[in-house]
Amino acid sequence: MTATALNSNVKRALIVLVFVGLCIPPFLLDTNAYSLRIATLILMFAGMATAWNIVGGEANLVSLGHTAFFGIGAYCSTLLLIHLQLSPWLGMIAALVLAGLASLIIGWPSFRLRGHYFALGTLAFAEIIRIIVLYYAKATGGALGISVPAMQDGWWFMQFVGNYEFYLIALGMFAVVIFIGHTVHYAPLGYRLRALRSSHEAAEVVGVNTLKTKLIANFISCSLMGAYGVLYAQMHFFIDPETVFSFWNVSIKVAMMSILGGLTYVWGPFVGAVVLTFLDEWTNAVFSDQFAGVGRVLYGVLLIILVLVRPRGLLHWGEQIFNRVFARLTK
Numbered sequence: 001m002t003a004t005a006l007n008s009n010v011k012r013a014l015i016v017l018v019f020v021g022l023c024i025p026p027f028l029l030d031t032n033a034y035s036l037r038i039a040t041l042i043l044m045f046a047g048m049a050t051a052w053n054i055v056g057g058e059a060n061l062v063s064l065g066h067t068a069f070f071g072i073g074a075y076c077s078t079l080l081l082i083h084l085q086l087s088p089w090l091g092m093i094a095a096l097v098l099a100g101l102a103s104l105i106i107g108w109p110s111f112r113l114r115g116h117y118f119a120l121g122t123l124a125f126a127e128i129i130r131i132i133v134l135y136y137a138k139a140t141g142g143a144l145g146i147s148v149p150a151m152q153d154g155w156w157f158m159q160f161v162g163n164y165e166f167y168l169i170a171l172g173m174f175a176v177v178i179f180i181g182h183t184v185h186y187a188p189l190g191y192r193l194r195a196l197r198s199s200h201e202a203a204e205v206v207g208v209n210t211l212k213t214k215l216i217a218n219f220i221s222c223s224l225m226g227a228y229g230v231l232y233a234q235m236h237f238f239i240d241p242e243t244v245f246s247f248w249n250v251s252i253k254v255a256m257m258s259i260l261g262g263l264t265y266v267w268g269p270f271v272g273a274v275v276l277t278f279l280d281e282w283t284n285a286v287f288s289d290q291f292a293g294v295g296r297v298l299y300g301v302l303l304i305i306l307v308l309v310r311p312r313g314l315l316h317w318g319e320q321i322f323n324r325v326f327a328r329l330t331k
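In structure tokens, the structure reads:
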């Protein structure tokens with residue numbers, strides 16, 4: 001076996017160990033433990049960041065409007081549960097479709113824009129959706145929000161007494177999303193997206209249908225965000241426009257997690273989610289009473305340092321260290 005093949009096998013084994021490790025917390029922690037809730041949040045944000053990375057990382061199309069699709073999913077499933085008593089699992093399917101269709105509607109005009117104009121276009125779309133939800137208060141609850149109705153506890157209505165089941169759902173969803181992200185990365189779609197990232201003009205010259213490629217990738221990415229909106233609504237039993245359409249708590253966070261972990265890596269968003277979720281919880285616990293905004297300041301400082309010192313992300317840095325150690329051990 002060559003050193004390269006052995007290196008690849010070791011990396012695959014590490015991925016398997018990560019998944020095995022992620023299966024352990026429910027058996028070690030109390031079902032209502034705060035730490036189990038944090039682990040669930042990490043998996044949830046890791047999945048959302050991985051979904052965002054399909055567009056933001058693979059093609060370097062920085063979307064600031066993914067919160068719109070997260071909110072669409074949350075409201076879609078909640079309204080279906082309220083009016084039709086439809087299971088959130090079926091609501092999740094509806095959210096996937098609705099968020100995907102919304103991505104095509106916004107993608108058609110916005111993907112004709114480049115760079116920061118594209119980012120601003122997606123941000124404007126998210127704000128439009130938020131205002132619409134606020135305006136139609138009779139149907140959506142407006143600024144007051146709406147509560148998820150209490151149904152029979154169990155898997156069908158995704159309502160549980162503790163956090164154990166939500167962790168398992170978040171783990172299952174993350175496994176699906178990481179599989180999709182891995183498949184896209186190594187599929188022809190992934191190669192076309194990376195061609196766009198390198199040079200939009202060169203990709204067009206070699207025959208890449210740039211608009212179609214971006215629309216397909218965005219459909220996948222935004223549909224997955226819609227599914228996570230459903231999970232959020234069921235976990236918190238309440239949604240409102242300021243929360244589920246939050247520019248900071250959704251769009252910026254998932255983008256920062258991808259950037260921190262490494263935009264060009266499938267597992268980069270997971271690494272970023274672990275670091276930033278712990279940082280967020282720590283700053284909230286330590287500074288929330290006296291310095292409420294310190295978490296955002298630390299995020300900004302962290303990103304500035306990272307861009308200057310490790311512009312390709314933490315996972316790239318870790319890979320460099322791993323390769324050096326592996327090379328020494330196999331000499």
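For the sequence shown, position 52 (counting from the first letter as 1) is numbered 52 according to full-length UniProt numbering, and the numbering increases by one without interruption.
Idealized CB from N, CA, C, for every residue including glycine.
L193 places its beta carbon 7 angstroms or farther from that of A95.
Beyond the five residues adjoining it in sequence on each side, F278 comes within less than 7 angstroms, by CB distance, of no other residue in the same chain.
Membership of E204 in the alpha helix (DSSP H) is indicated by the continuous run H200 to V205. Between V208 and S110, the alpha-carbon positions lie close to 18 angstroms from each other.
If you draw a straight line from the Cα of G229 to the Cα of F69, it is about 8 angstroms long. A contact between stretches requires three or more CB pairs, one per stretch, nearer than 8 angstroms, and the region 184-199 fails this requirement with the region 15-24. Here V254 has F45, M48, A49, W52 and H66 as same chain residues with Cβ atoms under 7 angstroms from its own Cβ, once five neighbours each way along the sequence are excluded. Within the same chain, Cβ atoms closer than 6 angstroms to the Cβ of G226 are found at F69, I72, G73, A95, L96 and A99, the five residues on either side in sequence being excluded.
Within a 10 Å sphere around the beta-carbon of A202 sit fewer than 16 other beta-carbons, which makes this residue exposed.
A contact between stretches requires three or more CB pairs, one per stretch, nearer than 8 angstroms, and the region 80-96 fails this requirement with the region 245-263. The C-alpha of V294 is placed about 27 angstroms away from the C-alpha of A124. The closest CA to that of G154, considering only Y164, A139 and G145, is found on Y164. By the criterion of a C-beta distance shorter than 6 angstroms, L113 is surrounded in its chain by G121, once the five residues flanking it on both sides are discounted.
Within the region 31-93, the complete alpha helix (DSSP H) segments at least 4 residues long are 34-56 and 66-84, listed from N- to C-terminus. In the structure shown, the three-state DSSP call for S221 is helix. The C-beta distance from A126 to S251 rounds to 7 angstroms, short enough to meet the 8 angstroms contact threshold. Counting along the chain, G121 sits inside the alpha helix (DSSP H) bounded by residues G115 to Y135.
Relative to T140, the option among F118, E242 and Y34 whose CA is nearest is E242. Residue environment analysis places R130 among the buried positions, since at least 16 neighbouring C-beta atoms fall within 10 angstroms of its C-beta. With fewer than 16 other beta carbons inside 10 angstroms of its own, A187 counts as exposed. For D240 and K138, the gap between their C-alpha atoms comes out near 13 angstroms. The three-state reading of DSSP puts G145 in coil, since its state is none of H, G, I, E or B. Here the alpha carbons of M151 and H316 stand approximately 46 angstroms from one another.
In the structure shown, the three-state DSSP call for I15 is helix. Within the region 293-325, the runs of alpha helix (DSSP H) at least 4 residues long that lie entirely inside it are, in chain order, 294-309.
Check the Cα spacing between T264 and each of V309, A195 and V275: the tightest is with A195.
By the Cβ neighbour-count rule, F238 is exposed, with fewer than 16 other Cβ atoms within 10 Å of its own. Closest option to W156, judged by alpha-carbon separation, among G172, G91 and F118: G91.
Within the model, the alpha-carbon separation for R324 versus G318 is close to 10 angstroms. Using a 10 angstroms sphere on the CB of C76, the tally of other CB atoms reaches 16 or more, which defines it as buried.
The residue among I106, S147 and G115 with its C-alpha nearest the C-alpha of A233 is S147. In this structure, the CA atom of L308 is about 24 angstroms from the CA atom of Y117. Within the same chain, and ignoring the five residues on either side of I106 in sequence, the residues whose Cβ sits closer than 6 angstroms to its Cβ are F125.
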